[in-house]
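Asker: So the sequence shown is numbered by our numbering: it starts at 3 and just counts up by one. Could you have a look at this structure, given as structure tokens, before my questions?
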Amino acid sequence: MPDEFVVRSLDEVRFWSRIMKEHSLFLRLGFRCEDTQLINEALQFQGLFEDIERRAHEFTVNTDPQTIREFNSEVHNAATHIWAFKRKVLGLILQCKLPGATNFPLLVDHVSREANYFRNRLEELNSGTLEPLHDAIIDENVFFLKIMADHAKFIGHLLDPSERKLVEQAREFSQDFDTLMFQAIDLSSMRPQSQTIPLLSQFVDENRVSVESLRDFKKTARDLIEACRIKSIIHPLLADHVFREAERFLFILDMFERSLSGIKVNKREILF
Ligand SMILES: [Fe+2]
Ligand SMILES: [Fe+2]
Numbered sequence: 003m004p005d006e007f008v009v010r011s012l013d014e015v016r017f018w019s020r021i022m023k024e025h026s027l028f029l030r031l032g033f034r035c036e037d038t039q040l041i042n043e044a045l046q047f048q049g050l051f052e053d054i055e056r057r058a059h060e061f062t063v064n065t066d067p068q069t070i071r072e073f074n075s076e077v078h079n080a081a082t083h084i085w086a087f088k089r090k091v092l093g094l095i096l097q098c099k100l101p102g103a104t105n106f107p108l109l110v111d112h113v114s115r116e117a118n119y120f121r122n123r124l125e126e127l128n129s130g131t132l133e134p135l136h137d138a139i140i141d142e143n144v145f146f147l148k149i150m151a152d153h154a155k156f157i158g159h160l161l162d163p164s165e166r167k168l169v170e171q172a173r174e175f176s177q178d179f180d181t182l183m184f185q186a187i188d189l190s191s192m193r194p195q196s197q198t199i200p201l202l203s204q205f206v207d208e209n210r211v212s213v214e215s216l217r218d219f220k221k222t223a224r225d226l227i228e229a230c231r232i233k234s235i236i237h238p239l240l241a242d243h244v245f246r247e248a249e250r251f252l253f254i255l256d257m258f259e260r261s262l263s264g265i266k267v268n269k270r271e272i273l274f
């Protein structure tokens, strides 16, 4: 029987280390040629997370849990460092110290939030304190809905302005996800009274419908960019990256849906 802790740890590290590696590449591409120090730092992070990703694929579900626990804390340390690097870059941009660099402040903030999320997951895994389901459902949705809303905004701003139809669609997704995120924050504020099974399962269902359609839009955009059929300054890897993050959110929503439908309690009871 594979250890649940090992299975979940490997899944998180395999997914997020690739994401961190790609963030390093995107940040590097957005620096100016003269920012050699920042470019070198980004290159180091790219190599660091590439190595972590490779090692995460070498371990198996039968690896000793203690080995994975040590690996997790090493990765946690790397995630903390890349988070600090991203916040430093954000500070430089906001103080107008990198004029002409091409990473949006919201993008740098966004990738730092993803690093922080990764770091929290590793902490929870190692300390064995995963959030209870009814809290996880709200918190993961607040986090990922904002991530999805940001993605729609990045796509809208990095497409060529002459791609009017696609820019319009991206703007609609941005508004849709802003609204869903505020709904999630409302539900969060009504805790714990809002944590009933009917409310949570409606919340998950409604979000899933929108994430599926954003995922399809991203997939189309990715394919069009790869085939050079549309005008944009979106790196093909960035298009694929945001598509994979939508798939990740859907995977989490599916897990919530399965857990909710598996709970056999009076449906009007609050989930304490
Ligand atoms: Fe990302
Ligand atoms: Fe993202």
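For every residue, glycine included, the Cβ atom is placed at its ideal position computed from N, Cα and C. As the structure is a computational prediction, the values presented were derived from the model and not from experiment.
For a quick check, are the C-beta atoms of residue 193 and residue 232 less than 8 Å apart?
Answerer: No, these two residues do not count as a Cβ contact at 8 Å.
Asker: Compare the beta carbon distance of residue 160 and residue 54 with 8 Å and say whether it is the shorter of the two.
Answerer: Taking 8 Å as the Cβ cut-off, residue 160 and residue 54 do not qualify as a contacting pair.
Asker: At which residues does the alpha helix (DSSP H) containing residue 6 begin and terminate?
Answerer: First-last of the alpha helix (DSSP H) with residue 6: 6-32.
Asker: Alpha helix (DSSP H) containing residue 138: first to last residue?
Answerer: Per DSSP, residue 138 belongs to the alpha helix (DSSP H) from 135-160.
Asker: Just list the beta strand (DSSP E) runs in the segment 38-103, keeping only unbroken ones of 3 residues or longer that don't cross its boundaries, in chain order.
Answerer: Within the segment 38-103, no complete beta strand (DSSP E) run reaches 3 residues.
Asker: Which residues bound the alpha helix (DSSP H) around residue 235?
Answerer: Run containing residue 235: none; DSSP gives neither H nor E here.
Asker: Pick from 108, 31, 234 and 64: whose alpha carbon is nearest that of residue 164?
Answerer: It is 234 whose Cα lies nearest to the Cα of residue 164.
Asker: Just the residues with CB closer than 6 Å to a heavy atom of ligand 1, in chain order, which are they?
Answerer: That query returns the following residues: 21, 25, 113, 116, 243 and 247.
Asker: Less than 7 Å between the CB of residue 136 and some heavy atom of ligand 2, yes or no?
Answerer: No, ligand 2 has no heavy atom inside 7 Å of this Cβ.
Asker: Once you ignore the five residues that flank residue 175 on each side, which residues in its own chain have a CB closer than 7 Å to its CB?
Answerer: So the qualifying residues of the chain are 154, 216 and 219.
Asker: Report all residues from its chain with a CB closer than 7 Å to the CB of residue 122; omit the five preceding and five following residues, and keep chain order.
Answerer: Nothing meets the Cβ criterion.
Asker: For residue 206, collect the residues of the same chain with a Cβ closer than 8 Å to its Cβ; drop the 5 residues on either side in sequence, then sort them by chain order.
Answerer: Counting only Cβ-Cβ distances below 8 Å, and skipping sequence neighbours, we find 139, 143, 255, 258, 259 and 262.
Asker: Taking the alpha carbon of residue 58 as the reference point, which residue from 105, 44, 17 and 22 has its own alpha carbon closest?
Answerer: Selected option, being the one with the closest Cα: 17.
Asker: Using only CA atoms, which one of 157, 25 and 94 lies nearest to residue 45?
Answerer: If we check each option's Cα against that of residue 45, 25 comes out closest.
Asker: Report the rounded CA-to-CA distance for residue 49 versus residue 197, giving the unit in angstroms.
Answerer: Approximately 43 Å, taken between the alpha carbons.
Asker: Alpha carbon to alpha carbon, how far is residue 67 from residue 238? Give it in angstroms, no decimals.
Answerer: Straight-line Cα distance between these residues: approximately 37 Å.
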